[in-house]
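A.B. asks: Sequential numbering of the sequence shown, starting at 44, is according to our numbering. Just dropping this structure here.
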Amino acid sequence: QVQLVESGGGLVQPGGSLRLSCAASGSVRSIDYIGWYRQGPGKERELVAQIKWENTTNYADSVKGRFTISRDNAKNTVYLHMNSLKPEDTAVYYCHADFWSGRFLEVWGQGTLVTVSS
């Protein structure tokens with residue numbers, strides 16, 4: 044199994060930056076994709092960014108050029124670097140992973156709130 048714990052959310056002004064962290068534990072070698080989803084007020088959960096085991100990345104159009112996903116394999120941690128934040132980026136951000144355990148399963152972190160407001 045895989046467990047995910049997020050950190051790094053908070054209040055930031057428009058145009059500001061924030062870095063989210065997702066620490067993975069357990070069977071981390073079984074992870075295929077790991078990344079971030081978000082759910083804003085009154086909105087459905089959506090993919091923000093993800094990184095595959097071989098380091099290919101995928102981003103939502105709304106964050107391309109502003110957000111960067113990266114990983115530190117030594118720390119089993121994935122980061123979401125968010126720049127030029129906008130009020131519409133306000134959401135609960137969830138770390139998510141697909142991993143293999145006889146079949147593909149998925150796991151979610153508990154979520155961390157990001158509020159972009161002046």
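In this text, a Cβ means the ideal position worked out from N, Cα and C, and glycines have one as well.
1) State buried or exposed for threonine 99, treating a residue as buried only when at least 16 other CB atoms are found within 10 Å of its CB.
2) Look at the Cβ atom of alanine 134, then the Cβ atom of valine 157, and state whether they are nearer than 8 Å.
3) Compute the Euclidean distance between the alpha carbons of valine 71 and arginine 88, then round it to the nearest angstrom.
4) Report the CB separation of tyrosine 137 from tryptophan 79 in whole angstroms; it is logged as a contact under 8 Å.
5) Give a yes or no on whether the C-beta atoms belonging to alanine 103 and valine 121 are separated by under 8 Å.
6) Go through its chain and collect everything with a Cβ distance to glycine 69's Cβ below 7 Å, but skip five positions before and after it.
7) Taking just the CA atoms, how far does leucine 63 sit from methionine 125?
8) Could you tell me whether the Cβ atoms of proline 84 and valine 159 are closer together than 8 Å?
C.D. replies: If we stick to the structure as given:
1) exposed
2) yes
3) 24 Å
4) 7 Å
5) no
6) Gln44, Val45 and Gln46
7) 8 Å
8) no
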